[in-house]
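Following: one structure in structure tokens, then a few remarks.
There are 2 protein chains.
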Amino acid sequence: MTDYAFLTDAVGDDRVSVDEYARDEHAGDWGTHPEDEVRPDAVVWPTTTEEVSAILAGAHERGIPVTPYAAGTGLEGNAVPAHEGISLDTTRMNEILDVRPEDLQVDVQPGVLGSAVDEAAAEHGLTFPPLPSSGDISTVGGMIATDASGMQAVKYGVVGDWVLDLEAVLADGTVISAGSEAVKSSAGYNLKDLIVGSEGTLAVVTRATLQLAGRPQQIRGGRAVFETFEDAAGAIADAIQSGVDVAKIELLGSFAAEVANEYVGTDLPDAPMVFVEFHADHGVDEEIDFCRAVFADYDPLSFEMAADEEMAELWELRREMAYALDDYREHLRPLHPGDVTVPISAFPTIVREAREVAEDRDLPMACYGHAGDGNLHYEILVDPDDEEMVARGEDAYERIVEKAIELGGTATGEHGVGLGKRQFMNREHGRDSVAVMRSIKDALDPDGILNPGKIFPDESE
Amino acid sequence: MTDYAFLTDAVGDDRVSVDEYARDEHAGDWGTHPEDEVRPDAVVWPTTTEEVSAILAGAHERGIPVTPYAAGTGLEGNAVPAHEGISLDTTRMNEILDVRPEDLQVDVQPGVLGSAVDEAAAEHGLTFPPLPSSGDISTVGGMIATDASGMQAVKYGVVGDWVLDLEAVLADGTVISAGSEAVKSSAGYNLKDLIVGSEGTLAVVTRATLQLAGRPQQIRGGRAVFETFEDAAGAIADAIQSGVDVAKIELLGSFAAEVANEYVGTDLPDAPMVFVEFHADHGVDEEIDFCRAVFADYDPLSFEMAADEEMAELWELRREMAYALDDYREHLRPLHPGDVTVPISAFPTIVREAREVAEDRDLPMACYGHAGDGNLHYEILVDPDDEEMVARGEDAYERIVEKAIELGGTATGEHGVGLGKRQFMNREHGRDSVAVMRSIKDALDPDGILNPGKIFPDESE
Numbered sequence: 001m002t003d004y005a006f007l008t009d010a011v012g013d014d015r016v017s018v019d020e021y022a023r024d025e026h027a028g029d030w031g032t033h034p035e036d037e038v039r040p041d042a043v044v045w046p047t048t049t050e051e052v053s054a055i056l057a058g059a060h061e062r063g064i065p066v067t068p069y070a071a072g073t074g075l076e077g078n079a080v081p082a083h084e085g086i087s088l089d090t091t092r093m094n095e096i097l098d099v100r101p102e103d104l105q106v107d108v109q110p111g112v113l114g115s116a117v118d119e120a121a122a123e124h125g126l127t128f129p130p131l132p133s134s135g136d137i138s139t140v141g142g143m144i145a146t147d148a149s150g151m152q153a154v155k156y157g158v159v160g161d162w163v164l165d166l167e168a169v170l171a172d173g174t175v176i177s178a179g180s181e182a183v184k185s186s187a188g189y190n191l192k193d194l195i196v197g198s199e200g201t202l203a204v205v206t207r208a209t210l211q212l213a214g215r216p217q218q219i220r221g222g223r224a225v226f227e228t229f230e231d232a233a234g235a236i237a238d239a240i241q242s243g244v245d246v247a248k249i250e251l252l253g254s255f256a257a258e259v260a261n262e263y264v265g266t267d268l269p270d271a272p273m274v275f276v277e278f279h280a281d282h283g284v285d286e287e288i289d290f291c292r293a294v295f296a297d298y299d300p301l302s303f304e305m306a307a308d309e310e311m312a313e314l315w316e317l318r319r320e321m322a323y324a325l326d327d328y329r330e331h332l333r334p335l336h337p338g339d340v341t342v343p344i345s346a347f348p349t350i351v352r353e354a355r356e357v358a359e360d361r362d363l364p365m366a367c368y369g370h371a372g373d374g375n376l377h378y379e380i381l382v383d384p385d386d387e388e389m390v391a392r393g394e395d396a397y398e399r400i401v402e403k404a405i406e407l408g409g410t411a412t413g414e415h416g417v418g419l420g421k422r423q424f425m426n427r428e429h430g431r432d433s434v435a436v437m438r439s440i441k442d443a444l445d446p447d448g449i450l451n452p453g454k455i456f457p458d459e460s461e
Numbered sequence: 001m002t003d004y005a006f007l008t009d010a011v012g013d014d015r016v017s018v019d020e021y022a023r024d025e026h027a028g029d030w031g032t033h034p035e036d037e038v039r040p041d042a043v044v045w046p047t048t049t050e051e052v053s054a055i056l057a058g059a060h061e062r063g064i065p066v067t068p069y070a071a072g073t074g075l076e077g078n079a080v081p082a083h084e085g086i087s088l089d090t091t092r093m094n095e096i097l098d099v100r101p102e103d104l105q106v107d108v109q110p111g112v113l114g115s116a117v118d119e120a121a122a123e124h125g126l127t128f129p130p131l132p133s134s135g136d137i138s139t140v141g142g143m144i145a146t147d148a149s150g151m152q153a154v155k156y157g158v159v160g161d162w163v164l165d166l167e168a169v170l171a172d173g174t175v176i177s178a179g180s181e182a183v184k185s186s187a188g189y190n191l192k193d194l195i196v197g198s199e200g201t202l203a204v205v206t207r208a209t210l211q212l213a214g215r216p217q218q219i220r221g222g223r224a225v226f227e228t229f230e231d232a233a234g235a236i237a238d239a240i241q242s243g244v245d246v247a248k249i250e251l252l253g254s255f256a257a258e259v260a261n262e263y264v265g266t267d268l269p270d271a272p273m274v275f276v277e278f279h280a281d282h283g284v285d286e287e288i289d290f291c292r293a294v295f296a297d298y299d300p301l302s303f304e305m306a307a308d309e310e311m312a313e314l315w316e317l318r319r320e321m322a323y324a325l326d327d328y329r330e331h332l333r334p335l336h337p338g339d340v341t342v343p344i345s346a347f348p349t350i351v352r353e354a355r356e357v358a359e360d361r362d363l364p365m366a367c368y369g370h371a372g373d374g375n376l377h378y379e380i381l382v383d384p385d386d387e388e389m390v391a392r393g394e395d396a397y398e399r400i401v402e403k404a405i406e407l408g409g410t411a412t413g414e415h416g417v418g419l420g421k422r423q424f425m426n427r428e429h430g431r432d433s434v435a436v437m438r439s440i441k442d443a444l445d446p447d448g449i450l451n452p453g454k455i456f457p458d459e460s461e
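In the order they appear, the protein sequences are chains A and B. Letter by letter, the first sequence follows residues 1 to 461 of the UniProt record's numbering. Letter by letter, the second sequence follows residues 1 to 461 of the UniProt record's numbering.
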């Protein structure tokens, strides 16, 4: 039996737990299924960089795996222990350390909620543009770990693009810095972007300097409804290719629209819908006119734009979609929810193929996503007690991800690899590139202490 | 004597040279001084990925250093051999392989000129926005190697931000891919941004997929003249902090202005000047009005904006500055020309301190730079035959770089580390971070074949 007393030495009595409840709570995330979950032996809640360093140094000495954990909102099992050990919960490192409006920068601890960053920025007329949709329940550390992104990535880029500087603790407890508070630097290897997206396998982030932006003066948006999915996807691709300056552009497939219509009780057609939002300091109406002209080639059934509350009303179905799907599912459950991303020209193809894959296998599937990035979220619904249906679902899931890779895309656009997408890494990157990643892992964490079992495929794959 | 016959085996007779002229030509760059230059033993000009792979595999087997070389426009000795061996010249890998306007992407070989990329993009109404000022004489491979940037970084970011996917050859000849054609991916470690900026010490880039953007419909710009350097720097910082959407914002110190005025023969005051350019699809005049309002707080002596040829005329002094400085120098020469970058709030401080450092030491110094990024280029002029003056220059140079680091900035914003900035790496990143960089170098290139002697400080520093 491993002795976890060193954790108490590192953080004191109250922030270590080996009880059932805490261990259960740290055994899964939004994407894992109970039967796949692995409970850590102990959970520890550090509050300072020094405590994180002491925990890792102690674990390193003893050869105990450490899996960083935050809000547990991941979809790919990124923060779920693959080999028991310690769950290092960063949610009590939730201080906003310094806001520097004169540099459009903020320093935060990793456990701070994304929405808290945006609120702190708002006090200075600023905003944190890459905030994911889950930003009010997920942490900055989790976002950095997966290089997450949100609806606004089409205009503002992903979370990693807005990280300037990191403080992080290596597997043996060494504290390093990575990046610069200067907005550009070519001073040596880019450790910052290596740590971003490495899912806690290389280091534990203990402080991040984030770039902020001014809040736009004008926000307008609304909804366009199309007759077919192909029209909707084509209109989106065309808008991006034409350079329409859109801040959000979301697609809802007809199945998702039908479920949401039913749930909200609207009289809208059960047809593919595109939700858009525009940000500008002036001239937002010209941009909307430009978008309208591009969309017109795809004969939308409607194109409605507005501001403020009216805009929020037009977005209602997109907002309610997740709840509507939850409600619809009943005994069905989503199999491996996640996303793939392809070059924008391949977006109409991937949505068509994904639909065909599901239809051919007689599976209900909701499609939606941050379409302006070529990003498709799929939610294949299966009855977990129906083995044959689950097998069909697994087959459909693999086919959709493989198709995205064939189209020059990626197996995971914004949720990381975790456990769920490991099997696709060789196919996406090639074995030699994965070997380079592995050599970096071995160089930084030779004993494999940090979040073992993630990202890398099994040797046989 | 090393036998370089394997190079002939790799690429044939005509693209290998051991003659004096070729070796001399590959011994220096724009920033090195003749007495510091080291000649390679042999120069090789591959044209394909397979040839690069064969060259590296052969050199690796024999333990021969390979220094990738391109246009030789670097300022920090990045492509200058530190240990003889082979200069791998990529300038004959200069094909534009594929333009995909539907994805706003282009695939290029590393030796293609930046301006050629922009011209190929222009045929489709697109542009490559991060192009450095030297883009018509420098290569994409060189830009990727140093994570270079240009005047438009303030709006569009740096070169690395526009690289999506790379093919690269490792030290032992293994060909890998890094990145994705999807605009976002969180699939494993970000090898792409690790290779970008690594100055050919980790891999040789053999193909790059670059992101393009639509060409702006409206371009306007011009010049504002200020009474003091502090006013000019303050106006720039204020514009950035206020969110003025400027595409270029360049500062010329009064010394540089004086030299340029004299050279061009204008009747403008020898006063600090700010050159700006605005890009928009509509509403550019509103943005200019916004900028005028922000600048007004600093009482500019003039604020003139125009389009087309009139705009080009307003920019004349900035454009002619390099030639004016060349002309002025006579027997003086710039000592370690390069740049530092600081957070924008510290920009007025670094320009004031740099000026004081030079004045205290009675040294002529031209200051200019991409000020919107907090980027300052310094050109301390010294008489190379005056040892005491050179020593004063060295002292001033070190003090300016150290000051930038103290202000939270970086020793090199866009020219890489090469040989010139190695001594500042421990101070900027801390020894532990530099050790992590070194461990990555050792993991990818255990025999130290690729561009040895660069980036990393001597162990004693």
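Quick reminder that beta carbons are idealized off the backbone N, C-alpha and C, glycines included. In this text the structure is predicted, and so the values were computed from the model without any measurement.
What do you reckon, are the CB atoms on residue i and residue j nearer than 8 angstroms?
i: Val155/B; j: His279/B; result: The sequence given here has Lys at residue 155/B, not Val. Cβ atoms of Lys155/B and His279/B: closer than 8 angstroms.
i: Ala396/A; j: Arg361/A; result: yes
i: Thr90/B; j: Ala70/B; result: yes
i: Ala168/A; j: Ile176/A; result: yes
i: Thr410/B; j: Val357/B; result: no
i: Leu88/B; j: Pro68/B; result: yes
In chain A, what lies closer than 8 angstroms to residue i by C-beta?
i: Met151/B; result: Here the premise fails: no neighbours, minimum Cβ distance about 12 angstroms.
i: residue 462/B; result: A query on residue 462/B cannot be resolved here, the shown segment of chain B reaching from 1 to 461 and no further.
i: Val204/B; result: Result: empty, since nearest Cβ-Cβ is about 14 angstroms, beyond 8 angstroms.
List the residues of chain A that residue i touches, going by C-beta distances under 7 angstroms, in chain order.
i: Ser138/B; result: Within chain A, no residue comes near Ser138/B; the closest Cβ sits about 14 angstroms away, beyond 7 angstroms.
i: Gly416/B; result: Ser186
i: Glu102/B; result: Gln241, Ser345
i: Ser433/B; result: Ile176, Ser177, Ala178, Leu191
i: Ile455/B; result: Gly188
i: Ala411/B; result: Ala187
When you compare the CB of residue i with every CB in chain A, is at least one pair closer than 8 angstroms?
i: Asn375/B; result: yes
i: Met437/B; result: yes
i: Leu194/B; result: yes
i: Met425/B; result: yes
i: Gly31/B; result: no
i: Thr146/B; result: yes
i: Val158/B; result: yes
i: Glu182/B; result: Before going on, a small fix: residue 182/B reads as Ala here, not Glu. Output row for Ala182/B: interface = yes.
With respect to the beta strand (DSSP E) encompassing residue i, which residues constitute its N-terminal and C-terminal limits?
i: Val225/A; result: 218–225
i: Gln105/A; result: 105–108
i: Ile86/B; result: 86–89
i: Gln211/B; result: 203–211
i: Asn375/B; result: 375–382
i: Pro348/B; result: Where Pro348/B is concerned, there is no enclosing beta strand (DSSP E), although the alpha helix (DSSP H) it sits in stretches over 347–360.
Against residue i, what residues of chain A qualify as contacts under a CB-to-CB distance less than 9 angstroms, listed in chain order?
i: Ile440/B; result: Tyr189, Leu191, Leu194, Ser439, Ile440, Ala443, Leu444
i: Ser198/B; result: Gly188, Tyr189, Asn190
In terms of residue numbering, what span does the alpha helix (DSSP H) encompassing residue i cover?
i: Ser254/A; result: 254–264
i: Asp289/B; result: 284–296
So that I know if they touch, is there some Cβ in chain B lying closer than 8 angstroms to that of residue i?
i: Lys403/A; result: no
i: His60/A; result: no
i: His429/A; result: yes
Would you mind telling me which residues of chain B sit closer than 8 angstroms to residue i, beta carbon to beta carbon, in chain order?
i: Met408/A; result: Looking at the sequence provided, one finds Gly at residue 408/A rather than Met. Correct list: Ser180, Glu181, Ala182.
Closer than 9 angstroms between beta carbons: that is the criterion. Which residues of the stretch 332–360 of chain B meet it against chain A? Val340, Thr341, Val342, Pro343, Ile344, Ser345, Ala346
Using a Cβ-Cβ cut-off of less than 9 angstroms, give me the residues of the stretch 104–115 of chain A that come near chain B, in sequence order. Leu104, Gln105
Using a Cβ cut-off of 8 angstroms, which residues of the stretch 277–291 of chain A contact any Cβ in chain B, in chain order? Ala280, Asp281, His282, Gly283, Glu286, Glu287, Phe290
Where the stretch 241–262 of chain A meets chain B: residues whose CB sits under 8 angstroms from a CB there: Gln241, Ser242, Gly243, Asp245
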